Amino acid sequence: MVHTPKLKPKHHIFIGQLRVSWALVFLVLAAPTLLLTLVPAEDTPTNAAPQTVPHLINYQGRLTDNQGQALPDGNYNMRFRIYDAETSGTQLWSTTRCYSPDDGTTCDGTGTDQRVSVQNGTFSLKLGKVNALPGDIFTNPTRYLEVELPTPSTNTNTSNPDWSEGPFTPRQQLNASPYAFNAEEIDGYDSDNIAILDENNTFTGNQNIFSGNTDSTTSLQVQTAAGSTIFNADTSNQRIGINTTSPATALDVSGQGNFTGVVSGADATANNEFVTLGQLWPPWAPTTATV
């Protein structure tokens with residue numbers, strides 16, 4: 135038995151294009167048709183500098199009646215929602231496009247006309263323009279778009295549209311392109327918290343530049359181009375090694391070292407080398423010593 139999704143009898147809706155970054159085309163319904171298409175965005179300069187990802191989705195579609203005829207031209211009230219499931223689930227985002235003094239919560243005919251312009255049955259809008267899309271909304275692969283129009287007699291009302299007929303069913307799963315939002319998140323991590331090298335191959339931070347989740351004897355290493363380790367952080371034993379990958383003490387320097395200032399501690403030691411420049415602390419130690 136072939137299951138035919140039910141649509142409200144008043145008219146059909148053809149959802150045409152969802153444009154963000156790359157191409158993917160899929161047919162989401164067999165009859166009556168609801169078609170969702172992802173198409174490539176305009177070309178981007180090859181060497182463009184990093185930019186903030188715009189939280190907008192260009193959305194285009196076509197409205198027809200039961201005979202397939204385009205609905206009359208005009209400004210239409212519409213609602214769009216994103217859920218985490220095909221049925222029921224949690225609503226993650228919504229927007230109402232109507233004549234409203236706010237973000238569509240109030241549709242009283244005052245404020246700004248945010249209704250969707252329909253010409254020859256087709257319309258185009260930016261999801262997220264009136265009510266912003268959260269930056270982390272596409273960090274999970276199960277996201278579904280729901281579309282709703284008021285009753286036919288209030289489709290184009292400037293105030294108080296009647297939403298009593300409910301949304302079109304089924305919801306349509308969003309695939310591929312909207313997940314370009316995740317590029318700013320990078321697998322769920324906000325880009326503001328990720329260090330990026332500048333043109334001089336350096337980066338700075340105001341808090342913890344490095345913070346490990348797992349201790350290791352080689353948590354952080356600095357190596358020469360030839361692969362020799364000149365700095366090694368051993369977080370398992372809380373040790374730092376200079377020119378050694380296996381520091382035996384809190385600070386283990388292999389080779390000559392130069393200290394300027396006070397070297398403090400009860401057990402200042404060196405292996406057959408002079409300690410110079412400054413003094414050992416406590417004051418019973420000589421300024422220059424051979425160990």
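Per our numbering: the sequence shown ends with 425, consecutive numbering throughout. We put the CB at the ideal spot given by N, CA and C, even for glycine. Nothing here was measured: the structure is a model prediction, and the numbers come from that model.
Helix, strand or coil for threonine 288 per DSSP?
-> Assigned with DSSP and collapsed to three states, threonine 288 falls in helix.
Which one of Gln201, Val264 and Tyr210 has the shortest CA to CA distance from glycine 195?
-> Residue Tyr210 is the option with its Cα nearest to glycine 195.
In chain order, what residues of the same chain lie with their CB nearer than 8 angstroms to the CB of leucine 190, ignoring the 5 residues before and after it?
-> These residues qualify, in order along the chain: Lys260, Leu261, Gly262, Lys263 and Leu267.
Buried or exposed: glutamate 280, going by 16 or more other Cβ atoms within 10 Å of its Cβ?
-> Classification of glutamate 280: buried, given that the 10 Å Cβ count is 16 or more.
Per-residue burial, aspartate 368 [other beta carbons within 10 Å of its own, 16 or more giving buried] | It counts as buried.
Give every residue of the same chain whose Cβ lies closer than 7 angstroms to the Cβ of threonine 246, excluding the five residues on either side of it in the sequence, and list them in chain order.
-> Excluding sequence positions up to five before and after threonine 246, its CB lies within less than 7 angstroms of the CB of Ser234, all in the same chain and listed in chain order.
How is the beta strand (DSSP E) around serine 222 delimited, first residue to last?
-> From DSSP, serine 222 is part of no beta strand (DSSP E); its letter is neither H nor E.
CB glycine 255 to CB glutamine 248, shorter than 8 angstroms?
-> Their beta carbons are not under 8 angstroms apart, which means glycine 255 does not touch glutamine 248 by this criterion.
By Cβ distance, which residues of its chain are closer than 6 angstroms to tyrosine 278, with the 5 residues on each side in sequence left out?
-> If you ignore the 5 residues before and after tyrosine 278, its C-beta comes within less than 6 angstroms of the C-beta of Tyr217, Glu220, Arg305 and Gln307, all in its own chain and listed in chain order.
Just the C-alpha distance for threonine 288 and aspartate 296, rounded to the nearest angstrom, thanks.
-> Rounded to whole angstroms, the separation of the alpha carbons of aspartate 296 and threonine 288 is 6 angstroms.
Buried or exposed: which applies to threonine 224, given that a residue is buried once 16 or more other Cβ atoms fall within 10 Å of its Cβ?
-> With fewer than 16 other Cβ atoms within 10 Å, it is exposed.
Status (buried if at least 16 other CB within 10 Å, exposed otherwise) for glycine 375 = Looking at its Cβ environment, which holds 16 or more other Cβ atoms inside 10 Å, glycine 375 is buried.
Taking all protein chains shown into account, do 16 or more other C-beta atoms lie within 10 angstroms of the C-beta of asparagine 392, making it buried, or fewer, making it exposed?
-> With fewer than 16 Cβ atoms within 10 Å of its Cβ, asparagine 392 is classed as exposed.
In its own chain, which residues sit with a C-beta less than 8 angstroms from the C-beta of threonine 240, not counting the 5 before and 5 after it?
-> For threonine 240, where only same-chain residues beyond five positions count, the Cβ hits under 8 angstroms are Ser234.
Between alanine 359 and asparagine 335, what straight-line distance do the alpha-carbon atoms span, to the nearest angstrom?
-> The alpha-carbon atoms of alanine 359 and asparagine 335 are separated by roughly 15 angstroms.
For proline 275, does the count of other Cβ atoms within 10 angstroms reach 16, so buried, or fall short, so exposed?
-> The residue in question, proline 275, is exposed, as its Cβ has fewer than 16 Cβ neighbours within 10 Å.
Which whole-angstrom value describes the C-beta separation of phenylalanine 365 and glutamine 355, a residue pair presumed to lie in contact below a C-beta threshold of 8 angstroms?
-> Yes, they are in contact, since the Cβ atoms of phenylalanine 365 and glutamine 355 sit about 7 angstroms apart, within 8 angstroms.
Under 8 angstroms Cβ to Cβ from alanine 384, same chain only, skipping five residues before and after it: list those, please.
-> Only residues of its own chain outside the window of five on either side were considered, and among them Gln372, Arg373 and Ile374 have a CB closer than 8 angstroms to the CB of alanine 384, listed in chain order.
Indicate the three-state DSSP secondary structure (helix, strand or coil) for phenylalanine 302 in the structure shown.
-> Looking at phenylalanine 302 - three-state DSSP - the assignment turns out to be coil, as it is neither helix nor strand.
Proline 206 burial status per 10 Å Cβ neighbour count (16 or more: buried) | Flag for proline 206 reads exposed.
Taking 8 angstroms as the cut-off, decide whether the C-beta atoms of glycine 389 and asparagine 377 are in contact.
-> Contact: yes.
What is the rounded straight-line gap between the Cα of tyrosine 193 and the Cα of valine 250?
-> Here the C-alpha atom of tyrosine 193 lies approximately 11 angstroms from the C-alpha atom of valine 250.
For glycine 243, which option in Phe257, Asn291 and Ser370 has the closest C-alpha, if you only look at C-alpha atoms?
-> Glycine 243 has its Cα closest to that of Asn291, out of Phe257, Asn291 and Ser370.
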